[in-house]
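Peer 1:
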Amino acid sequence: MSSVTTRIKSIKQPRGGYVKPAQFAVREMSDPNTLNEKENVHPVVIGMAVDYLSRYMMGASPTEAFAISFQRAFMASKLGQKNAITEVKEYLSGIKGIDNQSIINACKLVTFDVWLRNPLGATLAKIANEINPDINTIENIRIMVERSLSFGKNMVP
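Going by our numbering, the first residue of the sequence shown is number 20, and it counts up by one from there.
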């Protein structure tokens with residue numbers, strides 16, 4: 020499986036691109052919340068947690084929103100993390116919204132994604148119980164999920 024960046028480099032766009040910027044209308048959105056400067060979790064983990072929590076908050080079940088994490092737990096269990104499936108089920112059952120504990124569970128849960136994206140690197144990556152987001156990281160994730168939800172609501176005509 021290739022990354023989005025790798026795939027897009029292999030596609031030749033027509034002159035002027037596929038979509039003309041003039042076809043879009045500018046809509047400014049503001050948010051009074053400012054993100055904290057320091058976080059203690061890798062940006063990739065934060066990004067996936069925001070993505071999956073946003074999907075969940077938009078109506079997907081936790082199993083649907085975190086499907087890749089759940090699927091990769093099976094691979095992790097076969098390649099050394101014996102309790103991976105049990106862990107994933109515990110984290111999934113602890114996701115109820117965007118409260119602090121749900122965000123912590125989401126961060127731990129998405130660590131299993133590395134088994135899909137980079138199986139060889141997965142053995143060296145931090146495992147779920149080594150991921151402990153601090154309050155700044157938790158607040159940033161909550162703000163970004165709220166922004167995603169706001170964006171989604173504002174894009175409906």
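All C-beta atoms, glycine included, are put in the ideal place defined by N, C-alpha and C.
1. Fully enclosed by the segment 24 to 104, which alpha helix (DSSP H) runs are 4 residues long or longer?
2. Tell whether a beta-carbon distance below 8 angstroms holds between R46 and N173.
3. Considering only the beta carbon of each residue, do D153 and N52 sit closer than 8 angstroms?
4. Measuring alpha carbon to alpha carbon, tell me which of M94, A86, H61, R74 ends up nearest L168.
5. DSSP three-state label for K172, please.
6. Identify whether D132 lies in helix, strand or coil by the three-state DSSP scheme.
7. Let me confirm a value: D132 is counted as buried when at least 16 other C-beta atoms fall within 10 Å, else exposed. Which label applies?
8. Using beta-carbon positions only, say whether I117 and M76 come within less than 8 angstroms of one another.
9. Report the three-state DSSP secondary structure of K108 (helix, strand or coil).
10. Looking at N188: is its Cβ nearer than 8 angstroms to the Cβ of N55?
11. Mark S121 as exposed unless 16 or more other C-beta atoms lie within 10 angstroms of its C-beta, in which case mark it buried.
Peer 2: According to the data block:
1. 62 to 76, 81 to 84, 86 to 97
2. The residue given as residue 46 occupies position 27 in the sequence shown. The residue given as residue 173 occupies position 154 in the sequence shown. Yes, Cβ-Cβ distance for R46 and N173 is below 8 angstroms.
3. Here the question's residue 153 lines up with position 134 in the sequence shown. Here the question's residue 52 lines up with position 33 in the sequence shown. Cβ distance not < 8 angstroms, so D153 and N52 don't count as in contact.
4. Sequence index remark: in the sequence shown, residue 168 carries index 149 (1-based). Checked all of M94, A86, H61, R74; the closest Cα to L168 is R74.
5. Working through the sequence shown from its first residue, we reach residue 172 at position 153. Of the three classes helix, strand and coil, the one that applies to K172 here is helix, per DSSP.
6. Along the sequence shown, read from residue 1 onward, the residue named residue 132 stands at position 113. D132: helix per DSSP, three-state reduction.
7. Looking up residue 132 in the sequence shown gives position 113. Buried, since its Cβ has 16 or more Cβ neighbours within 10 Å.
8. As a first step, residue 117 must be located in the sequence shown, where it is residue number 98. As a first step, residue 76 must be located in the sequence shown, where it is residue number 57. Taking 8 angstroms as the Cβ cut-off, I117 and M76 qualify as a contacting pair.
9. Reading the sequence shown from its first residue, position 89 is the one you call residue 108. The answer is helix: DSSP assigns K108 an H, G or I state.
10. It is not possible to answer for residue 188, since the shown part of the chain is limited to 20 through 176.
11. One-based indexing of the sequence shown puts residue 121 at position 102. So S121 ends up on the buried side.
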